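> I have a structure I would like to understand better, so I am pasting it below and will then ask my questions one at a time.
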Amino acid sequence: MSIPRALTIAGSDSGGGAGIQADLRTFAFHCVHGMSALTCVTAQNTLGVQGVVPLEADFVALQIESVLGDIGVDSVKTGMLFDAPIIRRVAQLAAQLPLPNLVVDPVMVSRTGARLLADEAVAALRDSLLPLATIVTPNLHEARILSGLTIETIEDMAAAAQRIAALGARYVLVKGGALGVGRGSDVFYDGKQTVVLATETVDTPHTHGTGCTLAAAIAAQLALGEPLPTAVRLAKNYVTRALHHSLAIGGGQGPVGHFWPLIGAK
Ligand SMILES: Nc1ncnc2c1ncn2[C@@H]1O[C@H](COP(=O)(O)OP(=O)(O)O)[C@@H](O)[C@H]1O
Ligand SMILES: Cc1ncc(COP(=O)(O)OP(=O)(O)O)c(N)n1
Numbered sequence: 001m002s003i004p005r006a007l008t009i010a011g012s013d014s015g016g017g018a019g020i021q022a023d024l025r026t027f028a029f030h031c032v033h034g035m036s037a038l039t040c041v042t043a044q045n046t047l048g049v050q051g052v053v054p055l056e057a058d059f060v061a062l063q064i065e066s067v068l069g070d071i072g073v074d075s076v077k078t079g080m081l082f083d084a085p086i087i088r089r090v091a092q093l094a095a096q097l098p099l100p101n102l103v104v105d106p107v108m109v110s111r112t113g114a115r116l117l118a119d120e121a122v123a124a125l126r127d128s129l130l131p132l133a134t135i136v137t138p139n140l141h142e143a144r145i146l147s148g149l150t151i152e153t154i155e156d157m158a159a160a161a162q163r164i165a166a167l168g169a170r171y172v173l174v175k176g177g178a179l180g181v182g183r184g185s186d187v188f189y190d191g192k193q194t195v196v197l198a199t200e201t202v203d204t205p206h207t208h209g210t211g212c213t214l215a216a217a218i219a220a221q222l223a224l225g226e227p228l229p230t231a232v233r234l235a236k237n238y239v240t241r242a243l244h245h246s247l248a249i250g251g252g253q254g255p256v257g258h259f260w261p262l263i264g265a266k
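Note that full-length UniProt numbering has the sequence shown beginning at 1, numbered continuously upward.
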C-alpha cells in the first residue's frame, strides 16, 4: 500500500499537546505517514514550559536528510525551530533539496508566555526561511513582529498578511485565535486577494496546540494532493472540531482533541 508522506521539523512537547506530538497525531488522523526531525526537547505541561534543550543544527539536518534520502516526502511542516543556527540549516536544506509544500508555522511564544524562539532568530526566520515557504501561518503576535504593524482588527490582519507575503511566502494565513472579538476568524492571502475564514468561537480554555494542529493539517492535506486554498479550509475545519473536543487534562490549558474523527464529529 502506498501512502502520502509528511515531515514535521519541530520541538517535542512532553505534555503531548503541541509540537511533534500534535503534528504526528494530526498526520495520523489524515491517514498520512508522519515523520519527524526533532529540533529541541521541551519540558512542558498544561501550565507552561519549564525548560528547553535544543539539538545541534547539523543533527537536525541529518534527521531530514535521513528520511528524505530513503522514504521521500510529499509535504513538510516547520514548527518550533528555536534558534538561528537551526533555522539557517533548515533553510539551506529547503533551498537545496527542495522541501516540497513547505508549511512554516513561525512559532515564537507559547500561549502561556514562554519564549519558543530566540530573539536573534527572528531575522533568520524572516530572511532565510520565509522566502522558501509555500505558506506561512503566523498568529497575531507573530504577525505583529513579522509585519511591524499593530493588529487589532480583521482589516489589520489583512494588511499584515500582505506585508508578510512581501517577505517571500507564496500564501499567508494570519490566525485569529487571540482576537478579542471574532476569535476563530483567520485571514488568508493568496498574493492577490484576502479572504476571511470565519468559524464560530469555541468557548473553551483548552486551546493548547491549535496552531501546530492547523499547520500540520494543512501539510497533511497538501500531502494528500489538495490545492492549497482547499487544504487551508479543510485544516481549519479539522482544528475547529478538535477545539469542540478539547481535553480538560492538567491544571492549566489542556490540548485540543485530535481524536474527534473516532468519537463522532459535532
Ligand atoms: N476559541 C477558538 N474558537 C475557534 N477557533 C479558534 C479558537 N482559538 C483558536 N482558534 C483557531 O485555531 C487556529 C490556531 O490559531 P491561534 O490559536 O491563533 O494559533 P497559535 O496556537 O499559533 O497561537 C486558528 O484557525 C484560529 O482561528
Ligand atoms: C514544542 C512546542 N512547539 C510549539 C508550541 C506552540 O504551540 P501552538 O500550537 O502555537 O500552541 P500554544 O502554545 O499557543 O498552545 C509549543 N507550545 N511547544
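The beta carbon of each residue, even a glycine, is placed where N, CA and C say it ideally should be.
These numbers were taken from a predicted model, which means no experiment stands behind them.
#1: Quick check on the DSSP output: what are the complete beta strand (DSSP E) runs of length 3 or more inside the segment 93-144, in order along the chain?
#2: As an exercise, report each continuous beta strand (DSSP E) stretch of at least 3 residues that is fully enclosed by the segment 31-85, in chain order.
#3: Between T199 and T240, how many whole angstroms is the CB-CB distance? I'm expecting something under 8 angstroms.
#4: Quick check for students: name the residue ranges of the beta strand (DSSP E) that lie wholly in the segment 158-219, counting only runs of 3 or more.
#5: Check whether the segment 121-129 and the segment 80-88 are in contact - that is, three or more C-beta pairs closer than 8 angstroms.
#6: Assuming I135 and R170 are in contact, meaning their beta carbons sit under 8 angstroms apart, how far apart are those beta carbons, in whole angstroms?
#7: Comparing the CB of H206 with every heavy atom of ligand 2, is any distance shorter than 7 angstroms?
#8: Please go through the same chain and pick out, in chain order, the residues whose beta-carbon is closer than 8 angstroms to the beta-carbon of L130, but skip the five residues on each side of it.
#9: Work out the CA separation of G225 and A6 for me, nearest whole Å.
#10: Thinking C-alpha only, which one of C31, G19 and D190 is nearest S2?
#11: Between which two residues does the beta strand (DSSP E) containing residue 285 stretch?
#12: As a quick exercise: from F59, T26 and L222, pick the residue whose alpha carbon is nearest that of A37.
#13: Taking the C-alpha atoms as reference points, what is the distance between L47 and S110?
#14: Is V41 closer than 8 angstroms to G11 when the C-beta atoms are compared?
#15: May I ask you to report which of helix, strand or coil DSSP gives P255?
#16: Beta-carbon within less than 6 angstroms of N101's beta-carbon, same chain only, minus the 5 sequence neighbours each way: which residues are those?
#17: Can you round the beta-carbon distance between H258 and V202 to whole angstroms, since I take them to be within the 8 angstroms contact cut?
#18: Looking at A10 and ligand 2, is the gap between the Cβ and the nearest heavy atom below 7 angstroms?
#19: Is it the case that the CB of T46 approaches a heavy atom of ligand 1 more closely than 7 angstroms?
From the atom records:
#1: 102-104
#2: Here the runs fully enclosed are 33-44, 49-54 and 75-78.
#3: Residue numbering aside, residue 199 sits at position 199 when the sequence shown is read from its first letter. Residue numbering aside, residue 240 sits at position 240 when the sequence shown is read from its first letter. Contact holds; Cβ gap of about 5 angstroms.
#4: 171-174, 186-189 and 194-197
#5: Taking one beta carbon from each stretch, the segment 121-129 and the segment 80-88 have 3 or more pairs nearer than 8 angstroms; the two touch.
#6: Locating residue 135 in the sequence shown gives position 135, counting from the first residue. Locating residue 170 in the sequence shown gives position 170, counting from the first residue. About 7 angstroms separates the two Cβ atoms, so the contact holds.
#7: By 1-based counting over the sequence shown, the position of residue 206 is 206. Using a cutoff of 7 angstroms, the CB of H206 does not count as near ligand 2, since none of the ligand's heavy atoms is closer than that.
#8: Working through the sequence shown from its first residue, we reach residue 130 at position 130. Same-chain partners within the cutoff: V104, P106, V136, L146, I164, L167, G168 and A169.
#9: Taking the sequence shown and counting its residues from 1, one reaches residue 6 at position 6. Taking the sequence shown and counting its residues from 1, one reaches residue 225 at position 225. Taking the straight line from one Cα to the other gives about 12 angstroms.
#10: Counting from 1 along the sequence shown, the entry for residue 2 is found at position 2. Checked all of C31, G19 and D190; the closest Cα to S2 is C31.
#11: Here the chain comprises residues numbered 1 to 266, so residue 285 is not present and cannot be evaluated.
#12: For the purposes of this step, residue 37 is taken as the residue at position 37 of the sequence shown. If we check each option's Cα against that of A37, F59 comes out closest.
#13: Looking up residue 47 in the sequence shown gives position 47. Looking up residue 110 in the sequence shown gives position 110. In this structure, the CA atom of L47 is about 11 angstroms from the CA atom of S110.
#14: As a working mapping, residue 11 is identified with position 11 in the sequence shown. As a working mapping, residue 41 is identified with position 41 in the sequence shown. Result yes, Cβ atoms of G11 and V41 sit closer than 8 angstroms.
#15: On the sequence shown, position 255 is the one that residue 255 refers to. Of the three classes helix, strand and coil, the one that applies to P255 here is strand, per DSSP.
#16: Here residue 101 corresponds to residue number 101 of the sequence shown, with the count starting at 1. The residues are S75, T134 and L222.
#17: Within the sequence shown, residue 258 is the residue found at index 258, counting from 1. Within the sequence shown, residue 202 is the residue found at index 202, counting from 1. So it is not a contact: roughly 15 angstroms between Cβ atoms.
#18: Taking the first residue of the sequence shown as 1, we reach residue 10 at position 10. With a threshold of 7 angstroms, the Cβ atom of A10 counts as near ligand 2, since some heavy atom of the ligand is closer than that.
#19: Working through the sequence shown from its first residue, we reach residue 46 at position 46. T46: no, Cβ never under 7 angstroms from ligand 1.
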